[in-house]
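Colleague: Can you keep this structure in mind? I'll have questions shortly.
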Amino acid sequence: PLRIGVLALQGDVREHVRALEASDVEAFGVRRPRELDGLDGLVLPGGESTTIAKLARHFEVLEPLRACIREGLPTFGTCAGMILLADRIVDGTADQETIGGLDVTVRRNAFGRQVDSFEADLEMIGVDGSVHAVFIRAPWVEQVGDGVKILAAVGEHPVAIRQGHLMATSFHPEIDGDGRVHGAFVDLVRGR
Ligand code: GLN
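For any residue, its number in the UniProt record's numbering is found by taking its place in the sequence shown, counting from 1, and adding 6.
Rendered as structure tokens:
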């Protein structure tokens, strides 16, 4: 089976492992640089992007993650994971680092100014039927580069995107989901 790692520094790792296993892949937490070797795909979970970035620096896995993504490792970021995959962020903390890879600007805690958390049923390209999406202090995508495909939006704000081997959602498909969004990522991994 495909081997998909879930970055296990902070955040909801176990929920992602379970959601991935529904697609018949081998899923497990990864934290050390050598654990990135031989992965077919990687998930960056939700949690707190500032904390995950600091821990990644501390555990000396930030640069290895950047290298893997640059070399084409299929990667799926959810919520904080979307922020981590963004090349540019708005409303980050002063010294906040990202892993980068997605040619987008992401606004942190974007919906939070209106409402902290909410749920919505969305249409998403690549997923049959509507997706029940849970948003928790979620970011939105504010600006996208040429190679970025918008897969889903709330109003005019993109909340699911894909650029080549990278995919990201503002929401948490590992919560309350039925595995179809993870399935779309596993399809992406299989296609590479
Ligand atoms: N607001 C969080 C951050 O900035 C993301 C929230 C989440 O992942 N649920 O990292």
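Backbone N, C-alpha and C define an ideal beta-carbon position, used for all residues, glycine too.
1. Just mark S123 as buried or exposed, buried being the case when its beta carbon has 16 or more other beta carbons within 10 Å.
2. Since S176 and A144 are thought to touch, with beta carbons under 8 Å apart, how far apart are those beta carbons, to the nearest angstrom?
3. Would you mind reading off the limits of the alpha helix (DSSP H) that contains H171?
4. Please enumerate, following chain order, all residues with a beta carbon closer than 6 Å to at least one heavy atom belonging to ligand 1.
5. Between T56 and the rest of its own chain, which residues show a CB-CB distance below 7 Å, the 5 nearest in sequence each way excluded?
6. How far does the alpha helix (DSSP H) with residue 6 in it reach, from first residue to last?
Modeller: From the atom records:
1. exposed
2. 4 Å
3. Premise fails: H171 is in no alpha helix (DSSP H) and is neither H nor E.
4. G52, G53, E54, S55, C85, A86, I89, R114, N115, I142 and R143
5. The residues are T99 and Q102.
6. Residue 6 cannot be examined here, being either before or after the span of the chain that is shown, 7 to 198.
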